Amino acid sequence: MEKKTQYKVVVSDRARHMLAGHVRFLAKTCPVAARKMKDELMASIRSLYQMPERFTYLSAEFIPPNKNHKMFVEKWYLILYQVKEQTVYVDYIVDCRQDYGWLVR
1 MEKKTQYKVV VSDRARHMLA GHVRFLAKTC PVAARKMKDE LMASIRSLYQ MPERFTYLSA
61 EFIPPNKNHK MFVEKWYLIL YQVKEQTVYV DYIVDCRQDY GWLVR
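Note that the working numbering numbers the sequence shown so that position 19 is 19, with each residue one more than the last.
In structure tokens, the structure reads:
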């Protein structure tokens with residue numbers, strides 16, 4: 001039986017701060033929803049240890065092609081990450097309801 005490759009997942013400080021900001025914002029109105037959203041985002045990030053290539057690349061005019069994979073979580077969150085050798089680097093956790101045009105400029 002073939003052993004599946006497992007990747008190390010590294011979340012950048014920037015992505016951690018972004019996640020914390022999303023959680024704080026939601027917790028102001030609904031702490032239970034904030035906890036649920038955080039748990040789902042973390043579970044999704046942890047799932048990248050197997051088959052991180054299963055998600056497509058982000059394609060935008062000012063982003064180098066085939067650099068960042070994109071994973072949508074829930075209805076509104078976008079996780080951008082790179083795969084280098086046996087490591088997954090999570091770079092951004094974006095709330096798609098906010099203006100994130102800065103990301104593709």
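Quick reminder that beta carbons are idealized off the backbone N, C-alpha and C, glycines included.
Source: prediction; values computed, not measured.
Put residue i into one of helix, strand or coil per three-state DSSP.
{"i": "Lys38", "result": "helix"}
{"i": "Arg16", "result": "helix"}
{"i": "Arg105", "result": "Unreliable positioning characterises Arg105 in this predicted model, as indicated by a pLDDT of 46, which lies under 50. A coordinate reading is not provided."}
On a CA-only basis, which of the options is nearest residue i? Give me that one, please.
{"i": "Pro64", "options": "Lys4, Gln82 and Lys75", "result": "Gln82"}
{"i": "Cys96", "options": "Ala20, Lys36, Asp39 and Trp76", "result": "Trp76"}
{"i": "Lys67", "options": "Glu74, Thr56 and Val73", "result": "Thr56"}
{"i": "Ser12", "options": "Cys30, Leu26 and Leu80", "result": "Leu80"}
{"i": "Ser47", "options": "Val73, Ala15 and Glu85", "result": "Val73"}
{"i": "Glu53", "options": "Cys30, Lys84 and Tyr92", "result": "Lys84"}
{"i": "Val90", "options": "Val10, Thr29, Thr5 and Gln6", "result": "Val10"}
Go ahead and label residue i buried or exposed: buried means 16 or more other beta carbons lie within 10 angstroms of its beta carbon, across all protein chains shown.
{"i": "His22", "result": "buried"}
{"i": "Val88", "result": "buried"}
{"i": "Met42", "result": "exposed"}
{"i": "Met51", "result": "exposed"}
{"i": "His69", "result": "buried"}
{"i": "Ala33", "result": "exposed"}
Using DSSP bridges, identify the partner residues of residue i.
{"i": "Val139", "result": "Absent from the structure is residue 139, since the part of the chain shown begins at 1 and ends at 105."}
{"i": "Val73", "result": "Tyr77"}
{"i": "Val32", "result": "DSSP, once it has assigned bridges, lists no residue as partnering Val32."}
{"i": "Val23", "result": "Its beta-bridge partners do not exist; DSSP assigns none."}
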